[in-house]
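In what follows, a single structure is set out as structure tokens and then discussed.
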Amino acid sequence: MADAVTFSFSDTIAGYVTRFDSGTRLLRLKTADGREFDVSLAGDPSAELVRNLDEPYIDASGHIDEMLSPGRFLFVYGVHYPERGGSFDAKRLVFLGRGAEDYRFEEPSWWIKQIESLADFYKRAQFGDGPVDFTEYRTEIRLGGDKTASHVQETDTISRLVYGMASAYLLTGKDEYLEIAERGTEYLRKHMRVVDSEEDVVFWYHGISVDGDSERKLFTSEFSDDYDAIPMYEQIYALAGPIQTYRVTGDIRIKNDADATIRLFDKFFFDPEQGGYYSHIDPILFSADHESLGENAERKNWNSVGDHAPAYLINLYLATGDQKYADFLEYTFDTIADKFPDYKNSPFVQERFFRDWSHDTAHSWQQNRAVVGHNLKIAWNLMRMNSLKAKPEYEQLAKKIGEIMPAVGSDVQRGGWYDVVERIKEGDQEAYRFAWHDRKAWWQQEQAILAYLILNGTVGGDANLREARQAQAFYNTFFLDHDEGAVYFNVLASGTPYLLGTERLKGSHSMSMYHSAELCYLSAVYNNLLINGREMDFHFQPDPTNLPDRVLRVSPDLLPAGSVRIASVEIDEKPYTDFDADALTVRLPDVQGRVKVKVRLRPVTK
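So this note's numbering is basically just the index in the sequence shown, starting at one, shifted up by 8.
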């Protein structure tokens, strides 16, 4: 193969301005890994300012020269021509802020406005202008919000929508979002929940198939990886939305469901001999080793061990302060820190295991491959746990992942983070090969953003802040759908939306507002409270009689002890003073019925 590229193609360069000559119209950009590119602006490219959902196009074409100051980070989309050793002609520039050091996604309300737009999109898509009726809910939602012909309602996608709406309420206090969260939770409890009184557990159907006024229960998973089995992750994510709603309302029935589901985990998924949790059980005997499970028999993976924490367990602890949930979290992260690193063989963690924790490197599609986002998700959640109970192994592993991953999992030329790559290089390969494609999924950008935001907010470091900003820049530039609303599932390496197959959808087995809303909620928390020192408001609506000693816990996440205090509280729009500012608790008045609570949190000056 010839050394030089001998054909033209369009592409994106993400980089920092090192110099710009307005006379020759030549711009030099330095990428994240230090390579420099000359970019010609002689063809009068368009320029714009990054914009949030529901914001109009902000043209910057007339300000290009004055905005190209040294050190500014931006995206340039253009055409490479092979002539004279190669040239790159810019066609579109995207600036991340008005000033060289400005990043619009660090504005105090950026992520709050974004979650509002997401909530409005999914409310409109699922329920139109009518009442919130979950019999109308559909798992599959087209690009513009229309429903497909599919009439399957998956438990996890309803739960994920509920999570998003509850999170939107926490940040905005808009009752319409809480109504959807509560009605969705009730729908899950009525239609998808199974109470096994004999075993004293709760489990959740995969979903229901709706045909007119009749519904057919789908007991086992219909998803190809888990077909005809009960996968742990579906039971885990059935709790995600209700528990986020529980944080707002304190509805004791939700906590009881969670406790009964945890008993299911401990009774049928837990391995008391080797430790950890199995990924699947069969639907008849609830056994993890039944032959009907095929290659899923006696297997453990990231989802079965690690997904408890972000999906529901951290939020359950935040709502209750119960030590048993803290102990469960500690067990989870001790297992991750002990079993998942594999740095003698690969820069990526190991994600799949046999019962004895030996590595399963031939399982289904994953083989010996790494999901980039899972590595980042581990770093993010280790730092959350480290704030609850600090251990050197938690922080060390999180920091190690943060240091290693950009070079092997990110796109250092265009920005953004890749999907699935081979864990080991073969022969003389210099780069870790993509498993199937070089596309970038929305949820993996979330993991990168949250990992580097919390690393920067807890242990500091210019490198962590730079990675957080670059990841937020790529996501907000390329994933927001300004035409139809919400966010795209996948984009090409260059940032162009990929709109084929299920990746064209805004609602599917894999997508239903959860990751996009979680990103908004926690990006707002980390950017404002941990990094930029700004106050935030949070909203709750509990019945005091449902809470032990009428104590409402209002910590927005597992944050470093003493980093945030309560600045003020309002109940039913009136000032209220019975709170413990340092403990982040409010003792509610001794009244019957629900009260609206608005809590302002203030970062503690370091």
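By construction, the Cβ of each residue, glycine as well, lies at the ideal position given by its N, Cα and C atoms.
Would you mind giving the Cβ-Cβ distance between arginine 360 and asparagine 309, rounded to the nearest angstrom? I have them listed as a contact below 8 Å. Indeed, because the Cβ distance is near 5 Å, the residues count as touching under 8 Å.
| message | What does DSSP give as the partner residue(s) for valine 562 in the beta ladder? | response | In DSSP, valine 562 forms no bridge with anything.
Check whether the Cβ atoms of proline 550 and arginine 602 sit closer than 9 Å, and answer yes or no.
It is a contact, given that the beta carbons lie within the stated cut-off.
Let's see if you can read the secondary structure: which residues bound the alpha helix (DSSP H) around isoleucine 344? Element bounds for isoleucine 344: 331-347.
Proximity below 9 Å, CB of alanine 476 to CB of leucine 405 = For alanine 476 and leucine 405, no; Cβs fall outside 9 Å.
Problem - Secondary structure of methionine 9, DSSP reduced to three states - result: With a pLDDT of 41 at methionine 9, under the threshold of 50, the modelled position of this residue cannot be trusted; read the value that follows with caution. Methionine 9: coil per DSSP, three-state reduction.
Practice prompt. Have a look at the DSSP bridge pairing and note the partners of tryptophan 212.
Written response: In the DSSP assignment, tryptophan 212 is bridged to Arg201.
Using the C-alpha atoms, what's the distance from alanine 398 back to glycine 465?
The straight-line gap from Cα to Cα measures roughly 15 Å.
Original post:
Secondary structure at glutamine 421, three-state DSSP: helix, strand or coil?
Top reply: Annotated three-state conformation of glutamine 421 is coil, per DSSP.
### Task
List the endpoints of the continuous beta strand (DSSP E) containing glutamine 161.
In the DSSP assignment, glutamine 161 falls within the unbroken beta strand (DSSP E) covering 160-162.
Given this structure, state the Cα-to-Cα distance separating serine 16 from isoleucine 270, to the nearest angstrom. Rounded to whole angstroms, serine 16 to isoleucine 270 spans 56 Å at the Cα level.
ask   = Quick one: is methionine 9 buried, meaning 16 or more other Cβ sit within 10 Å of its Cβ, or exposed?
value = Because methionine 9 sits at a pLDDT of 41, beneath the cut-off of 50, its placement in the model cannot be relied upon, and the point is left open.
Q) Where does the unbroken beta strand (DSSP E) through proline 53 begin, and where does it stop? A) Note, proline 53: premise wrong, no beta strand (DSSP E); not H, not E.
Just the Cα atoms here: how many angstroms apart are threonine 39 and aspartate 419? Roughly 10 Å separates the two Cα atoms.
What is the residue span of the alpha helix (DSSP H) that histidine 382 lies within? 380-396 is the span of the alpha helix (DSSP H), which, as asked, contains histidine 382.
query: If you drop the 5 nearest sequence neighbours on each side, which residues of the same chain put their C-beta closer than 7 Å to that of aspartate 446?
result: Closer than 7 Å at Cβ, skipping near neighbours: Tyr426 and Ala501.
- Task: Could you check how far apart the C-beta atoms of histidine 517 and threonine 165 are, in whole angstroms? I think they sit under 8 Å.
- Result: Confirmed, Cβ separation roughly 7 Å.
Residue burial classification, valine 607 (beta-carbon count within 10 angstroms, cutoff 16): The C-beta of valine 607 has 16 or more other C-beta atoms within 10 Å across all chains shown, which makes the residue buried.
So, alanine 176 versus leucine 126, is the Cβ gap smaller than 9 Å?
In this structure, leucine 126 lies closer than 9 Å to alanine 176 by Cβ.
message: Quick check on DSSP: helix, strand or coil for threonine 228?
response: If DSSP states are grouped into helix, strand and coil, threonine 228 belongs with coil.
**Item:** One or two residues paired with serine 95 in a DSSP bridge
**Value:** Looking at the DSSP assignment, serine 95 forms a beta bridge with Tyr89.
Any idea which residues DSSP pairs threonine 20 with across the strands? Checking the DSSP bridge columns, you'll see threonine 20 partnered with Tyr85.
task = Specify, as a first and last residue, the run of the alpha helix (DSSP H) that serine 524 falls within.
result = Its alpha helix (DSSP H) spans residues 522-533.
Q. Since histidine 547 sits in a beta bridge, which residues does DSSP pair it with?
A. Paired residue(s): Lys606.
Item to check | Where the alpha helix (DSSP H) containing arginine 477 begins and where it ends | outcome: Taken as a continuous stretch (DSSP letters only), the alpha helix (DSSP H) holding arginine 477 covers 470-486.
Counting along the chain, where does the alpha helix (DSSP H) carrying glutamate 74 start and finish? From DSSP, the alpha helix (DSSP H) with glutamate 74 extends over 72-75.
query = Which of the three DSSP states, helix, strand or coil, is assigned to isoleucine 432?
reply = In the structure shown, isoleucine 432 adopts coil according to DSSP, grouped into three states.
Q | Sheet register partners of leucine 615 (DSSP bridge) | A | The structure shown does not extend to residue 615, since the chain spans only 9 to 614, so no value can be given for it.
Next item on the list: Could you check what DSSP says for proline 64 in three-state terms: helix, strand or coil?
Entry: Collapsing the DSSP output to three states places proline 64 in coil.
Among the candidates Phe482, Ser95, Gly329 and Ala459, whose CA atom is the shortest distance from the CA of valine 380? The candidate whose alpha carbon is nearest that of valine 380 is Ala459.
Under 9 Å between the Cβ atoms of threonine 257 and phenylalanine 548? Taking 9 Å as the Cβ cut-off, threonine 257 and phenylalanine 548 qualify as a contacting pair.
- Task: Have a look at the DSSP bridge pairing and note the partners of serine 222.
- Result: Partner(s): Asp219.
- Based on Cα-Cα distance, which residue from Glu578, Gly570, Pro583 and Val605 lies nearest to alanine 591? Nearest to alanine 591 by C-alpha distance, out of Glu578, Gly570, Pro583 and Val605, is Gly570.
Contact belief for asparagine 323 with glutamine 252 at Cβ below 8 Å, rounded distance in angstroms: The distance from the Cβ of asparagine 323 to that of glutamine 252 is about 6 Å, consistent with a contact at the 8 Å cut-off.
Using DSSP with H/G/I as helix, E/B as strand and the rest coil, what is lysine 448? Strand at lysine 448.
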